[in-house]
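Q: Residue numbering for the sequence shown follows my numbering, beginning at 3 and increasing consecutively.
C-beta atoms are modelled at their ideal positions from N, C-alpha and C, and glycine is treated no differently.
Just so you know, these numbers come straight off a predicted model, no measurement behind them.
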Amino acid sequence: MIFKRVGEGRPYPDHDTTLREWAELSPRLLRLDELVTVKRTLDLETLLAKDSTFFGDLFPHVVEWEGEFYLEDGLHRALRAALQQRPVIHARVLEL
3 MIFKRVGEGR PYPDHDTTLR EWAELSPRLL RLDELVTVKR TLDLETLLAK DSTFFGDLFP
63 HVVEWEGEFY LEDGLHRALR AALQQRPVIH ARVLEL
């Protein structure tokens, strides 16, 4: 098992956090098996592209809500880590 659970959508309230506010959060280490995805599907072409993790924030965005860690942005990065046999990732965590 790579992730704790594969979810569908965001069960937490909208937080309207800007990219600048995400960037102010220090990355922290999280185990992949603690994460719940908010997407059921991914684009395989994007996953396998050499530059798929080049654009955007270097760190995935995770929302901590009601004791769960939801992978809001960075599914491709997290899956690449799993494919490289890395059980952890550095991610920015927003606590709601």
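Could you please give the first and the last residue of the uninterrupted beta strand (DSSP E) stretch that includes E66?
A: Where E66 is concerned, the enclosing beta strand (DSSP E) stretches over 63-67.
Q: Report buried or exposed for P15, applying the criterion of at least 16 other Cβ atoms within 10 angstroms of its Cβ.
A: Classification of P15: exposed, given that the 10 Å Cβ count is below 16.
Q: Using alpha carbons as the reference points, say which of H92, P29, S28, P13 lies closest to T39.
A: Nearest C-alpha to T39: P13.
Q: Would a C-beta distance cut-off of 8 Å place R94 and L27 closer than the cut-off?
A: Yes, Cβ-Cβ distance for R94 and L27 is below 8 Å.
Q: Residues in the same chain with beta-carbon distance under 6 Å from I4, minus the five sequence neighbours each way, listed in chain order, please.
A: Around I4: L34, A84.
Q: Could you tell me which of Q87, P89, R30, H78 sits nearest to L66, measuring between CA atoms?
A: Looking at the sequence itself, residue 66 is Glu, so the reference to Leu does not match. Considering only alpha carbons, the answer is R30.
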